[in-house]
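A quick write-up on the structure given underneath.
Number of protein chains: 2
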Amino acid sequence: MPASTPPDHHLPPVTPTPDIIVTKQVFELASFTTTGGATISQVRVGWESYGALNEARDNAILVTHFFSGNSHAAGKYHSDEAEPGYWNAIIGPGKPLDTNRYCIISSDTLVNLNAKDPNTITTGPATIDPAAGKPYGMSFPIVTIRDFVNVQNALLDHLGIASLQAVVGASMGALQALEWGSACPDRVQRVIAVIGGAEENAFLIGWLELWAAPIRLDPDWNQGDYYGRAEPTRGLVEALKIVSLQASQWPWVDRMFGRAWAEEGKDPRAALEHRFAVEDWLERTAAARAAVCDANHFLYLVKANQLFLIGHGRNVEAGLQAIKAPVLLIASADDLVFPPQRHLRTLKDQLMALGKEVTYTEVITTDLGHLDGIAYIAKAGADIATFLAQSVRAKPLCSRS
Amino acid sequence: MPASTPPDHHLPPVTPTPDIIVTKQVFELASFTTTGGATISQVRVGWESYGALNEARDNAILVTHFFSGNSHAAGKYHSDEAEPGYWNAIIGPGKPLDTNRYCIISSDTLVNLNAKDPNTITTGPATIDPAAGKPYGMSFPIVTIRDFVNVQNALLDHLGIASLQAVVGASMGALQALEWGSACPDRVQRVIAVIGGAEENAFLIGWLELWAAPIRLDPDWNQGDYYGRAEPTRGLVEALKIVSLQASQWPWVDRMFGRAWAEEGKDPRAALEHRFAVEDWLERTAAARAAVCDANHFLYLVKANQLFLIGHGRNVEAGLQAIKAPVLLIASADDLVFPPQRHLRTLKDQLMALGKEVTYTEVITTDLGHLDGIAYIAKAGADIATFLAQSVRAKPLCSRS
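Top to bottom, those sequences are chains V and P.
Anchor point for the first sequence: position 129 equals 129 in this note's numbering, and the numbering is continuous, going up by one each time.
Just remember that this note's numbering sits 1000 ahead of the position in the second sequence, which is counted from 1.
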């Protein structure tokens, strides 16, 4: 659930390829019913694609995004854009998610965090409720990872895609990928889950509560009723600071900042407000992110993540049992958000015990902790390509759950 | 830096011994000058002792406390008290810190967090400034771990103790123990540092900032000027929640709470405010702690910890070079606050490279992460006893730095 991707400071050199130029598309649903039974009218989510859909419409791969991300997984909107999408290292012609072969589709989730980013299209508390003529605020219904998957299912129906070659995602994207495998086992031929897990454990549920707490503490949050007035920006910045630090790890942070001061001549020993460079970095990174985020969306995303348990039931084993697709699990050994000992390594054992086809790797581990799954995904490129090359029997279209 | 000690749910059975009955003592200094050059008049800190000082006054061991702790390391104030001091498992007759042999002295630090606890005596922002007739608030000077050590030095002067058999402490107590070894090498014969390190690294400096942030975000904090009015309790509770969770680890938290709900009939799926049991535990634990804590003291403690680098200079190696005493390092392998790979294991290598006498163990590791150093210290009892039994040449009294 990274809030920002640190610079790719020691990625292996990649043969430069021209950036794919992408256009954000909009998918609209006149009405969507959540797993909780609420109806949301005029649901809109953004999506983009890299590579062409073939005539049989059977070469699609779905990419699902992380907590603070959006559908911009690869390419650039304009050739002069500073950075391409977050997984550009593995999406493109000749890359593991090969756009010469596959049509890669990436979609924004409901309650996407980046509600104010013009390149994110989402529906959530900041959206105008057509019935009320003002933003939903806290009247927006609770949504879950299964709801994200169900909206993606509707998008595929709309595109006439009966079956996916794979669903692949990192962090919250991995939760969606795994949920796809369980919820719609006949529509997805392969599942690739990076730095995620099959359920939110108590420890992570607790952390998510701590991430959200600064927003509720900010008086400008005003019980979620802040649209058209002062927004809880301070609380949102503090929330994003926690996400940023927990998504990283000490080897990278120590190497980047050490005990350097934020400002020359302002010794942290001399005054309470004199800071270390790492504190300044946290503040600046989070403030930049907060400018395009919505605080209520953050709270709804936290809830969606806390509620996640594969299969949307009460039992992980039942959720896993439904999976038919082979699964590739890619973990970062030093992940503080989804420690592999608790999540992907355990999941590998659970899937094997159930007789499922599973491959596990920690090849992306460098010094960034959780964020290795974004910044160093290229290190798993060969594993991904090999996994995708394995033949999988054709599956019939499943019905939407 | 634990905020609370979870129940000792699987400690090995210990032969019951009658609890030591202790009395809190007060040490007063008419004037104290901080390392930053500020003068504080009428400094008061609490202390307690277990076991008798011998005639030569050469059998004393100093215990230094952790971030959220105080000087109550062992025994009970009254026989009907629910729980003894935090390290009662290793302090007492026949225990590793053997009160039949040693006089164990434990003292409250400056800016102790538990400013409202009647059994904590400290001087900090909540203390009445004699010159102004009102609490210092943010006019209190910055204090450092070295200042804590210097106050302890003055206490020993007062007690006529020229040389300590050992200084031993966990977490922030380990910082003090190590600082003792460096700042006053001829006054301490052995150093025992548990779940700590020789410096605060960038990652931990960042986390300390995140711990403090909710206090500053609470409008009742009012730039630290809240005495005699509404206090920033909500911010303090959120700060203590982060400390509590980071001081623990997922195996214990998951085992204790799983995905249980906070309240029967209140499914977390049904409403944003319906919580999981782990969230409720964090809230209740932190709220109970906050009742005896002061928010400004929390901020000053955070600063003292962020500033820590052994020897109070700019270079860890120089700080370590000054140490003469043999050092015992006791780490918890899964410590999220002071990961041993970054701290105690690295410190062991640094001390060895400098030709210092050092022993390292991770014997206390169970499933509690950082808190293993408090709750499971008995597992290191034999290591501590062996280390104390090693003869060390008599040292002359050092002068105060």
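Every residue, glycine too, gets a C-beta built ideally from N, C-alpha and C.
Predicted model, so just to flag it, every value in this text is computed and none were measured.
Work out the CA separation of residue j and residue i for me, nearest whole Å.
i               : j               : result
M1138 (chain P) : L282 (chain V)  : 24 angstroms
K303 (chain V)  : G1258 (chain P) : 16 angstroms
A1331 (chain P) : E1362 (chain P) : 5 angstroms
K266 (chain V)  : P1232 (chain P) : 28 angstroms
S244 (chain V)  : H65 (chain V)   : 16 angstroms
C456 (chain V)  : N70 (chain V)   : Since the displayed chain V opens at 1 and closes at 401, residue 456 (chain V) lies outside it and no answer follows.
S1049 (chain P) : V1168 (chain P) : 14 angstroms
I145 (chain V)  : Q306 (chain V)  : 10 angstroms
G1181 (chain P) : R1190 (chain P) : 8 angstroms
I1142 (chain P) : I1021 (chain P) : 35 angstroms
I161 (chain V)  : V63 (chain V)   : 14 angstroms
L1397 (chain P) : L1164 (chain P) : For L1397 (chain P), the pLDDT reaches just 45, beneath the cut-off of 50, and the residue's location in the model is therefore unreliable, leaving the point undetermined.
V1316 (chain P) : L1347 (chain P) : 10 angstroms
N1059 (chain P) : L1156 (chain P) : 12 angstroms
G381 (chain V)  : Q390 (chain V)  : 15 angstroms
A1166 (chain P) : T1359 (chain P) : 14 angstroms
K95 (chain V)   : R1216 (chain P) : 47 angstroms
D8 (chain V)    : D367 (chain V)  : At D8 (chain V), the pLDDT of 46 sits below 50, so the modelled position is not reliable; the number obtained from the coordinates is stated separately. Their Cα atoms are separated by approximately 12 angstroms.
I192 (chain V)  : L178 (chain V)  : 8 angstroms
Where do the ends of the beta strand (DSSP E) carrying residue i lie?
i               : result
S1182 (chain P) : Counting along the chain, S1182 (chain P) falls outside any beta strand (DSSP E), though it belongs to the alpha helix (DSSP H) covering M1172 to A1183.
V1358 (chain P) : V1358 to T1361
W1250 (chain P) : Where W1250 (chain P) is concerned, there is no enclosing beta strand (DSSP E), although the alpha helix (DSSP H) it sits in stretches over W1250 to F1257.
E1048 (chain P) : T1039 to Y1050
I104 (chain V)  : C103 to S107
V63 (chain V)   : A60 to T64
L329 (chain V)  : V327 to I330
A56 (chain V)   : That residue, A56 (chain V), is in no beta strand (DSSP E); it is neither H nor E in DSSP.
V1191 (chain P) : V1191 to V1194
Taking Cβ positions, are residue i and residue j nearer each other than 9 angstroms?
i               : j               : result
S68 (chain V)   : G85 (chain V)   : no
T1297 (chain P) : G1197 (chain P) : Residue identity check: residue 1297 (chain P) is His in the sequence provided, not Thr. No. Outside cutoff.
T123 (chain V)  : L110 (chain V)  : yes
D220 (chain V)  : A213 (chain V)  : no
Y1102 (chain P) : L1328 (chain P) : no
L183 (chain V)  : A322 (chain V)  : In the sequence under discussion, the amino acid at residue 183 (chain V) is Ala, which differs from the Leu named in the question. Yes; because the gap between Cβ atoms is below 9 angstroms, this pair is in contact.
L204 (chain V)  : I384 (chain V)  : no
V1194 (chain P) : I1377 (chain P) : yes
D280 (chain V)  : D335 (chain V)  : no
N119 (chain V)  : G46 (chain V)   : yes
E1209 (chain P) : R345 (chain V)  : no
W250 (chain V)  : P1339 (chain P) : yes
Give the interface partners of residue i over in chain P, defined as CB-CB distance under 8 angstroms, in chain order.
i              : result
A213 (chain V) : P1214, E1238 and K1241
W207 (chain V) : L1245
E279 (chain V) : I1205, G1206 and E1209
Along chain V, in chain order, which residues have C-beta atoms closer than 7 angstroms to that of residue i?
i               : result
N1305 (chain P) : Within 7 angstroms Cβ-Cβ: nothing; N1305 (chain P) doesn't reach chain V, min ~12 angstroms.
P1339 (chain P) : W250
For the alpha helix (DSSP H) containing residue i, name the first residue and the last one.
i               : result
T1233 (chain P) : T1233 to Q1246
E28 (chain V)   : That residue, E28 (chain V), is in no alpha helix (DSSP H); its beta strand (DSSP E) goes Q25 to T33.
A262 (chain V)  : That residue, A262 (chain V), is in no alpha helix (DSSP H); it is neither H nor E in DSSP.
V1292 (chain P) : Element bounds for V1292 (chain P): n/a, residue is neither H nor E.
V1316 (chain P) : V1316 to Q1321
A353 (chain V)  : L344 to A353
Which of the three DSSP states is assigned to residue i in this structure?
i               : result
Q1306 (chain P) : helix
F1148 (chain P) : helix
E1199 (chain P) : strand
F1298 (chain P) : helix
T1366 (chain P) : coil
V278 (chain V)  : helix
K95 (chain V)   : coil
A389 (chain V)  : helix
I374 (chain V)  : helix
I128 (chain V)  : strand
I205 (chain V)  : helix
I1021 (chain P) : strand
Would you say the beta carbon of residue i is closer than 8 angstroms to some non-hydrogen atom of the ligand ZN?
i              : result
F338 (chain V) : Among the components modelled here there is no ligand, and therefore nothing to report on the ligand ZN.
Give me the chain P residues within the contact set of residue i, using Cβ-Cβ distance strictly less than 9 angstroms, ordered along the chain.
i             : result
D98 (chain V) : Those within 9 angstroms of D98 (chain V) in chain P number zero; the least Cβ separation is about 37 angstroms.
Quick one: which chain P residues come within Cβ less than 7 angstroms of residue i?
i              : result
I142 (chain V) : R1269 and L1272
F257 (chain V) : A1202
At a CB-CB cut-off below 8 angstroms, which residues of chain V make contact with residue i?
i               : result
P1093 (chain P) : Ordered by position in chain V, no residue passes the 8 angstroms Cβ test against P1093 (chain P), which lies about 38 angstroms from the chain.
F1032 (chain P) : Those within 8 angstroms of F1032 (chain P) in chain V number zero; the least Cβ separation is about 17 angstroms.
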